[in-house]
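Colleague: For the record, the sequence lines run as chains A and B.
The first sequence begins at 1 in the numbering used here and counts up by one.
The second sequence begins at 1001 in the numbering used here and counts up by one.
Number of protein chains: 2
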Amino acid sequence: MSVPTVLISSLGLMGGSLAAALSRVGWRVLLHHRRPEVAIHGEELGYGKAITDLTHALGQADLVVICSPVSTIADTVRQLASLHPRPVFTDVGSVKGPICAALYDLGQAGRYIGSHPMAGSHLQGLQHARANLYHGCMTAITPVELTPEHPIALVEQLWRAVGSRLCRFTPEAHDQAVAQASHLPHVMAAATAALLGASAAPLAATGFRDTTRVAGSSPDLWADILLHNRDAMLQALQFAQQHLQQLEQALKNRDISASAAWLEQGRAGRCRFEQHAQIDVPSVAEEA
Amino acid sequence: MSVPTVLISSLGLMGGSLAAALSRVGWRVLLHHRRPEVAIHGEELGYGKAITDLTHALGQADLVVICSPVSTIADTVRQLASLHPRPVFTDVGSVKGPICAALYDLGQAGRYIGSHPMAGSHLQGLQHARANLYHGCMTAITPVELTPEHPIALVEQLWRAVGSRLCRFTPEAHDQAVAQASHLPHVMAAATAALLGASAAPLAATGFRDTTRVAGSSPDLWADILLHNRDAMLQALQFAQQHLQQLEQALKNRDISASAAWLEQGRAGRCRFEQHAQIDVPSVAEEA
């Protein structure tokens, strides 16, 4: 297989890191951003070549990766796919159901396959891009029924090239899964952080630090994600409230064994995660 | 001031680490555990001298630190204080209100001052003890009304000796503060972990890892802590459920600005924490 040409559209943390990683392993990388000076800056950083003519660039690309916020992805793919018949499109959006539904015809035609690399940072922007962002992370691929295997293989080749592991989900199963694995954790972290009063702040230590780290992320970006995964999030929020209510009842009843059993469910969930985790799970200090 | 003699009672992670740290800075450390072989093991590790006669040891000690689970602290202090009139007692319990109320007379007499060092680990036991556990952490001291300054100064000297910072709270204000800074974060982490389904586990990444780290802690130890801080926790659980409900409503209404405003409250709370934090707040990757 010859080295593919990939066009990265939108150079924030995700797109910039992908461009950096692909350039490093020798892929031909073309850079596009709605503000051309950002693509030029990406070129200066050695992440690829800033394009000047979008349609021409699309004609050279085997693969286009849309790295803009989730609310913009479907429209961008539709628009760029209409400009040139050649490239296969994928994206890095955290939600897949609405996007894959909006692009269902392109999915069946093998021109769009959803991707979601489970990597990122609460730090945004090209200045925080790093070539190892995707190394060791899991990437979910969400082809629809009848998507041909050849373009799927191309998308998988992209993620393997930057060191990612792969799994396949239907778009709907993906969204349910990320609600539990990523979006609910985000919301719980934000709720925990919001409830820290000023007088309590001096006592917050490593447990609070880790539990609430992701609460520092961009509210606008995440509001977009949560609304795109609205159905799964509404269900997850219901489950979370019901689950907290169970502990509330156990404490009301002064029931130590029910309280311990409730906490044990959390430990079991943590074990489910650690069995799958191929990321570092450090043993760091916490307050008790 | 001459170097004080301190008796550490109960050598788990907290007591073992305190003994290790105090020995390292030259304090005279006596080791006590309900199973004498644990104290002997502590002596072998160089953490102090295992005692053979408890009453005799109490007569030599300026300070006794009770490091057993919160449900046992008040009774242990009461019992040991009755054996010898000399030492001042403190503890490392995560909850202070019930203990300080049960020992109110000893508090007024300057024989007991509550301590709560905001350090620890989800890893328990003497084998995980380390001399730097308390370095840089905040320790809350909870004297009661009329507690004389001299024994307070002795307890503060202890925590400064192991590198801790200090703040004073009333026992009740302490318990409210740790509900927000430590116990609610723990509960939210456990709830988040419990709700991770098996099929979602492969997609959990660094955000999940950090948000749920403390969910790996001992359920029995934490059930004990939560029940001792029952009133403040019931209130915190109410607030958490109401707060989650606000997001649920915003998502139901498809209200992106209300969703972003909700998330912004989390970011503001995270900022309150970071302003106070003198612990490392690393910038690590997360999924988005």
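Beta carbons: idealized from backbone N, C-alpha and C, even for Gly.
It should be emphasised that the depicted structure is a prediction, and the values quoted were computed from it without experimental measurement.
1. Which first and last residues belong to the beta strand (DSSP E) in which A:L166 is found?
2. So with CB distances below 9 Å, who are the chain A contacts of B:T1076?
3. Give me the subset of the region 148-179 of chain A whose CB atoms are less than 9 Å from a CB atom of chain B, sorted by chain position.
4. Is it buried or exposed, B:P1085, if we count other Cβ atoms within 10 angstroms and call 16 or more buried?
5. In the DSSP assignment, what residue or residues form a beta bridge with B:T1005?
6. Using alpha carbons as the reference points, say which of A:R24, A:D224, A:L251 lies closest to A:I73.
7. Enumerate in chain order the residues of its own chain whose CB-to-CB distance from A:A193 is below 7 Å, with the five nearest sequence positions on each side excluded.
8. If I follow the unbroken beta strand (DSSP E) through B:M1138, where does it start and stop?
9. Report the residue ranges of all alpha helix (DSSP H) runs contained in full by the region 86-115 of chain A; include only those spanning at least 4 residues, in chain order.
10. Please return the same chain residues whose Cβ sits closer than 6 Å to the Cβ of B:C1137, not counting the five positions on each side in sequence.
11. Thinking just about the alpha-carbon of each residue, which of A:F169, A:G110, A:P151 is nearest to the one in A:T139?
12. Find the residues of chain A that neighbour B:D1210, judging by a C-beta separation of less than 8 Å, and give them in chain order.
13. Among the residues of its own chain, which have a CB less than 7 Å from the CB of A:A204, if the five just before and after it don't count?
14. Helix, strand or coil for B:A1050 per DSSP?
15. Compare the C-alpha of B:D1091 against each of B:N1253, B:A1190, B:S1009 and name the closest.
16. Using a Cβ-Cβ cutoff of less than 6 Å, which residues in the same chain neighbour B:E1172 once the five nearest sequence positions on both sides are dropped?
17. Using the beta-carbon count (16 or more within 10 Å), is B:L1007 buried or exposed?
18. Does the beta-carbon distance from B:T1005 to B:L1063 come in below 9 Å?
19. What would DSSP say about B:L1045, mapped onto helix, strand or coil?
20. How far does the beta strand (DSSP E) with B:L1063 in it reach, from first residue to last?
21. Got a sec: is the Cβ-Cβ distance from B:H1186 to anything in chain A below 9 Å?
22. Would you decide whether A:R35 is buried or exposed? Buried here means 16 or more other CB atoms lie within 10 Å of its CB.
23. Hey, could you find the ends of the alpha helix (DSSP H) B:S1071 is sitting in?
24. State the beta-bridge partners of A:P117 as determined by DSSP.
25. Have a look at A:S257 and B:R1024 and give me their C-alpha separation to the nearest angstrom.
26. Between the C-alpha atoms of A:G59 and A:R267, what's the straight-line distance to the nearest angstrom?
27. Using a Cβ-Cβ cut-off of less than 7 Å, give me the residues of the region 191-205 of chain A that come near chain B, in sequence order.
28. Go ahead and pull the three-state DSSP assignment for A:Q124.
29. Do you know offhand how far B:K1252's Cα is from A:H174's?
30. So for A:A250, helix, strand or coil by DSSP?
31. I need the boundaries of the alpha helix (DSSP H) containing A:G266, first residue and last residue.
32. Compile a chain-ordered list of the residues in the region 1121-1147 of chain B whose CB is closer than 8 Å to at least one CB of chain A.
33. As a quick exercise: from B:Q1124, B:A1201, B:C1067, B:A1250, pick the residue whose alpha carbon is nearest that of B:G1114.
34. Which value, in whole angstroms, describes the spacing of the CA atoms of B:R1254 and A:V88?
35. How about B:R1028: is its C-beta nearer than 9 Å to some C-beta of chain A?
36. The alpha helix (DSSP H) that contains B:E1156, what's its start and end?
Modeller: Walking through what the data contain:
1. Counting along the chain, the beta strand (DSSP E) containing A:L166 begins and ends at 165-168.
2. The contacting residues do not exist; B:T1076 stays about 18 Å from chain A at best.
3. With the criterion set as a beta carbon lying under 9 Å from some beta carbon of chain B, the members of the region 148-179 of chain A are R165, C167, F169, A173, H174, Q176, A177, V178, A179, in sequence order.
4. Exposed, since its Cβ has fewer than 16 Cβ neighbours within 10 Å.
5. B:R1028, per the DSSP bridge assignment.
6. Considering only A:R24, A:D224, A:L251, the residue with the shortest C-alpha distance to A:I73 is A:D224.
7. Spatial neighbours of A:A193 in its own chain (CB-CB distance under 7 Å, excluding positions within 5 residues in sequence) are listed in chain order as T212, A215.
8. Per DSSP, B:M1138 is one residue of the beta strand (DSSP E) stretching across 1138-1142.
9. Counting only runs of 4+ residues, the alpha helix (DSSP H) found wholly inside the region 86-115 of chain A occupies 97-102, 104-108, in chain order.
10. Excluding five sequence positions before and after B:C1137, the CB atoms of its chain that fall closer than 6 Å to its own CB belong to P1117, M1118, A1119, S1164, given in chain order.
11. Shortest Cα-Cα distance from A:T139 to any of A:F169, A:G110, A:P151 involves A:F169.
12. Under the 8 Å cutoff, chain A gives D210, T211, R213, V214.
13. Cβ-Cβ distances below 7 Å link A:A204 to L196 in the same chain, with the five nearest sequence neighbours on each side left out; the list follows chain order.
14. Looking at B:A1050 - three-state DSSP - the assignment turns out to be strand.
15. When only C-alpha atoms are compared, the closest one is B:S1009.
16. If we look at B:E1172 and ignore the five residues flanking it on each side, its Cβ neighbours are G1097.
17. B:L1007 counts as buried, since at least 16 other C-beta atoms from the protein chains shown sit within 10 angstroms of its C-beta.
18. In this structure, B:T1005 lies near B:L1063, with their beta-carbon atoms less than 9 Å apart.
19. Here B:L1045 sits in coil by DSSP.
20. Taken as a continuous stretch (DSSP letters only), the beta strand (DSSP E) holding B:L1063 covers 1063-1066.
21. It does: the Cβ of B:H1186 has a partner Cβ on chain A nearer than 9 Å.
22. Answer is exposed; the Cβ neighbour count stays below 16.
23. 1070-1083 is the span of the alpha helix (DSSP H), which, as asked, contains B:S1071.
24. A:P117 has A:T139 as its beta-bridge partners, per DSSP.
25. Straight-line spacing of the CA atoms in A:S257 and B:R1024 works out to 39 Å.
26. If you take the alpha carbons of A:G59 and A:R267, they lie about 51 Å apart.
27. Listed by position along the chain: A191, T192, A193, A194, L195, L196, G197, A198, S199, A200, A201, P202, L203, A204, A205.
28. In the structure shown, A:Q124 sits in coil (DSSP, three-state: anything other than H, G, I, E or B).
29. It is roughly 21 Å from the alpha-carbon of B:K1252 to the alpha-carbon of A:H174.
30. Looking at A:A250 - three-state DSSP - the assignment turns out to be helix.
31. Here the alpha helix (DSSP H) through A:G266 covers 256-276.
32. Residues S1121, H1122, L1123, L1133, C1137, M1138, A1140.
33. Of B:Q1124, B:A1201, B:C1067, B:A1250, the smallest CA-CA separation from B:G1114 is found for B:C1067.
34. So the two alpha carbons sit approximately 32 Å from each other.
35. No, no contact with chain A.
36. 1149-1161 is the span of the alpha helix (DSSP H), which, as asked, contains B:E1156.
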